[in-house]
Amino acid sequence: MEEKETLQRIVSHCKEYGFVFPSSEIYDNLGAVYDYGPFGVELKNNIKEYWWKSMVQMNDNIVGLDAAIFMHPTTWKASGHVDSFSDPLIDNKDSKKRYRADVLLEEKIESFRIKGEKELNKKGIALTSLPEEKGKASRDYQKYLNLEKAYGEAATAVDLKRYKELIEEYEIACEVSGSKNWTDVRQFNLMFGTKLGALDETSTDLYLRPETAQGIFVNFLNVQKSARMKIPFGIAQIGKAFRNEIVARQFIFRMREFEQMEMQFFVRPGEELEWFEKWKAIRLKWHLALGSNPEDLRFHVHEKLAHYANAAEDIQFKFPIGFKELEGIHSRTDFDLTEHQKFSGKKLQYFDPEINQNYVPYVIETSIGLDRMFLRILSESLKEESLEGGETRIVLNLPPALAPIKVAILPLLKRDGLPEKAKEILEKLRFVGKTFYEEKDAIGKRYRRMDAIGTPYCITVDHQTLEDNTVTLRERDTMTQERVEISKLEALILEKTDINTLLRKLV
Ligand code: ATP
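For the sequence shown, position 123 matches number 123 in the numbering used here, and the numbering has no gaps at all.
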């Protein structure tokens, strides 16, 4: 029997086994900021490698970039972040707890929908019936329809007063105080500000970038010209982004400092929707190649499009906190490049020799949070398994290519020359990736520790090894053990754990 772990179990597992620690823990943590430990950083780097190679190595028309976190402040005027990168927040006057008003309303809508659909099911009314019929048959379903419509209108008009009215009208209460005593709704900009320069009078106000994409847009011509790229082509980047999130209680799902893996793909105007569909399929394949249950991944169409987009969908994953956004795929039109042209006074156009025309390219963006991807991998890998004899084991059955440690080398005993032999084997396996050597504790206990950090293979060195140069190779998922010649180990381990095995599934 296997049981999916809840978020809390993931959090404790990450801390205990050196994957993720709360930031500055000895000073009682810093909210929604996390540090990656010895095994976490390996897993994170492997995810990055999988993404980077799938984009940059496997596509001749995609190149990389590593832009700075600091950017000229006008960048954020042009991109619209200064004026509109904000969330509507509301405080409960009794508990002093702060909420996102849009999230409160969306959660209420969802709870009416769930209750309504349950009632319809009970009454035997098909969910495919007309909305009016469903509304007539269930009061909650009618409330769902009403609130969804009213919220949609308020969101489109960015009407914060209406948000508050709806929160009051639908009697949404604070989960801490239980009261409905709310402040007005205010907009809160999510960008972190800082200063460049030592003197107050001459220093410049800067922002820590809230997304990596703008570094790509402002370098569009530098990259296109220096790397001799022809449209359609893409620029990929991995880097930190910063957002002063209001609600940040979901571990590494929503952080204030996080990492994004973004790719902006530049296309001819008019061809963007075709490319949008292509990228949706490519990205889904990338996710599925990890061996995930297809039912845990789904597309979610944005009903309310951002001002710059003409199509947008998220790839959602079934996290322990429900189906949530993991990656965004957006058709951003020519908005960003056109805005940067306007604000900088510099042309950001491409001369297309095939059609003999100059134009501002359209853009398809794929944007995935590295930390969310990390959480997804842990959510689907962490299992508690019941074994024969009533025993249980905690196992992280990570895709082998992503595992932090590829193989552990364990001498059966701490004497008789076994440690020396084990270290000799370890030297032979340097090039399979990160290895782990351990001689303390009983062998069963050492296997369990390796299971808990997701190590695909363990090698046990015993007395027979000294005689015939064979070892026991134990496989993590099946726990099967076989006798293998030392000379065959490298190829055997690489066959399963090398990143290229994973990348080959994409072609
Ligand atoms: P959400 O609606 O969950 O706030 P978003 O729509 O603001 O996300 P985007 O701006 O599209 O997110 O960013 C692209 C990706 O970056 C997201 O799909 C997500 O994986 C990741 N991401 C965004 N905000 C955070 C955060 N605060 N912490 C961790 N990852 C994040």
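Cβ atoms here follow ideal geometry from the backbone N, Cα and C, with glycine treated the same way. Quick caveat: nothing in here was measured; it's all calculated off a predicted structure.
1. I need the straight-line Cα distance from T501 to Y50, nearest angstrom please.
2. Return helix, strand or coil for V507, following the three-state DSSP convention.
3. For R186, does the count of other Cβ atoms within 10 angstroms reach 16, so buried, or fall short, so exposed?
4. Who are the Cβ neighbours of M1 in its own chain at under 6 Å, not counting the five residues just before and after it?
5. So what does DSSP say about N6, is it helix, strand or coil?
6. Look at the Cβ atom of L503, then the Cβ atom of K53, and state whether they are nearer than 7 Å.
7. List, from N- to C-terminal side, the beta strand (DSSP E) runs of 3 residues or more that fit wholly inside the stretch 314-375.
8. Please state the DSSP three-state secondary structure of M1.
9. Flag F258 as yes when its Cβ comes closer than 6 Å to any non-hydrogen atom of the ligand ATP, and as no otherwise.
10. With a threshold of 8 Å, are at least 3 pairs of Cβ atoms found where one atom belongs to the stretch 64-80 and the other to the stretch 162-176?
11. Using 6 Å as the cut-off, classify the Cβ of G369 as near or not near the heavy atoms of the ligand ATP, replying yes or no.
12. When the Cα atoms are used, what is the spatial distance from D205 to P353?
13. Below 8 Å CB to CB, which residues in the same chain sit around E490 once its five sequence neighbours on both sides are set aside?
14. Excluding sequence positions up to five away, which residues of its chain have a Cβ less than 8 Å from the Cβ of I10?
15. Name the one or two DSSP bridge partners that G193 has.
16. May I ask you to verify whether the stretch 131-144 touches the stretch 104-121, counting CB pairs closer than 8 Å and requiring at least 3?
17. Taking just the CA atoms, how far does N59 sit from E424?
18. Taking all protein chains shown into account, do 16 or more other C-beta atoms lie within 10 angstroms of the C-beta of P400, making it buried, or fewer, making it exposed?
19. Taking buried to mean at least 16 other C-beta atoms within 10 Å of its own C-beta, is K347 buried or exposed?
20. At a cut of 8 Å, does the stretch 328-335 reach the stretch 300-318 through at least three beta carbon pairs?
21. Between the alpha carbons of Q8 and R393, how many angstroms are there, rounded?
22. Give the single residue among H463, R448, Q464 whose Cα lies nearest to the Cα of E475.
23. Does the distance between the C-beta of G328 and the nearest non-hydrogen atom of the ligand ATP fall short of 6 Å?
24. On the CB-based measure, 16 or more other CB atoms within 10 Å of its CB, does G291 come out buried or exposed?
25. Report the start-end ranges of each beta strand (DSSP E) in the stretch 43-122 that is 3 residues or longer and not cut off at the edges.
26. Can you list, in chain order, the residues of its chain with a C-beta nearer than 6 Å to that of I368? Leave out the 5 residues immediately preceding and following it.
27. With a Cβ-Cβ cutoff of 7 Å, do T333 and W279 count as a contact?
28. With a 10 Å radius around its C-beta and 16 neighbouring C-beta atoms as the bar for buried, classify F340 as buried or exposed.
29. With DSSP as the reference, label V508 as helix, strand or coil.
30. Classify H463 as helix, strand or coil using the three-state DSSP reduction.
31. Taking G239 as part of the beta strand (DSSP E), name the residues at either end of that continuous run.
32. Check whether the Cβ atoms of A32 and A248 lie closer than 7 Å to each other.
33. First and last residue of the beta strand (DSSP E) that includes A408?
34. Check each candidate in I231, M479, P419, P210 and name the one with the smallest Cα separation from V461.
35. Express the C-alpha separation of M191 and K93 in angstroms, rounding to a whole number.
36. For L410, which option in L402, A403, G417, A422 has the closest C-alpha, if you only look at C-alpha atoms?
Checking against the coordinates, here is how it stands:
1. So the alpha carbons of these two residues sit roughly 10 Å apart.
2. The answer is coil: DSSP assigns V507 none of H, G, I, E or B.
3. That one is exposed.
4. Residue placement at M1 cannot be trusted, given a pLDDT of 33 that sits under 50; what the coordinates show is reported in the next sentence. Excluding residues within five positions, the ones whose Cβ falls inside 6 Å are S386.
5. Correcting the residue type first, residue 6 is Thr in the shown sequence and not Asn. T6 falls in the coil class under three-state DSSP.
6. Yes, the Cβ-Cβ distance between L503 and K53 is below 7 Å.
7. Here the runs fully enclosed are 322-333, 350-352, 357-359, 362-369.
8. Only weak support is given to the placement of M1: the predicted model assigns it a pLDDT of 33, under 50, and the question is left unresolved by the model.
9. The answer is yes for F258.
10. Counting Cβ pairs under 8 Å, fewer than three are found: no touch.
11. In this structure, G369 has its beta carbon less than 6 Å from a heavy atom of the ligand ATP.
12. Straight-line Cα distance between these residues: approximately 41 Å.
13. K428, L429, F431, V432.
14. The answer, listed in chain order, is F251, P320, L375, L378, S379, L382.
15. Y207.
16. Touching, yes.
17. A straight line joining the alpha-carbon of E424 with that of N59 spans about 40 Å.
18. It is buried - the Cβ of P400 has at least 16 other Cβ atoms within 10 Å.
19. Label assigned to K347: exposed.
20. Taking 8 Å as the limit for Cβ pairs, the verdict is that the stretch 300-318 does touch the stretch 328-335.
21. So the two alpha carbons sit approximately 18 Å from each other.
22. With distances taken between Cα atoms, E475 lies closest to R448.
23. At least one heavy atom of the ligand ATP falls within 6 Å of the beta-carbon of G328.
24. By the 10 Å Cβ count, G291 comes out exposed.
25. DSSP runs (the beta strand (DSSP E)) wholly in the stretch 43-122: 62-64, 86-91, 98-100.
26. Cβ within range, chain order: M261, E327.
27. A distance of 7 Å or more separates the beta carbons of T333 and W279.
28. The amino acid occupying residue 340 in the given sequence is His; Phe does not appear at that position. Label assigned to H340: buried.
29. The displayed coordinates of the chain run from 1 to 507. Any statement about residue 508 would go beyond what the structure contains.
30. DSSP places H463 in the helix class (H, G or I) of the three-state scheme.
31. From DSSP, the beta strand (DSSP E) with G239 extends over 233-242.
32. In this structure, A32 lies near A248, with their beta-carbon atoms less than 7 Å apart.
33. 407-411 is the extent of the beta strand (DSSP E) around A408.
34. Of the listed residues, the one whose Cα sits closest to V461 is P419.
35. Approximately 25 Å between the Cα atoms of the pair.
36. Looking at L402, A403, G417, A422, the one whose alpha-carbon comes closest to that of L410 is A422.
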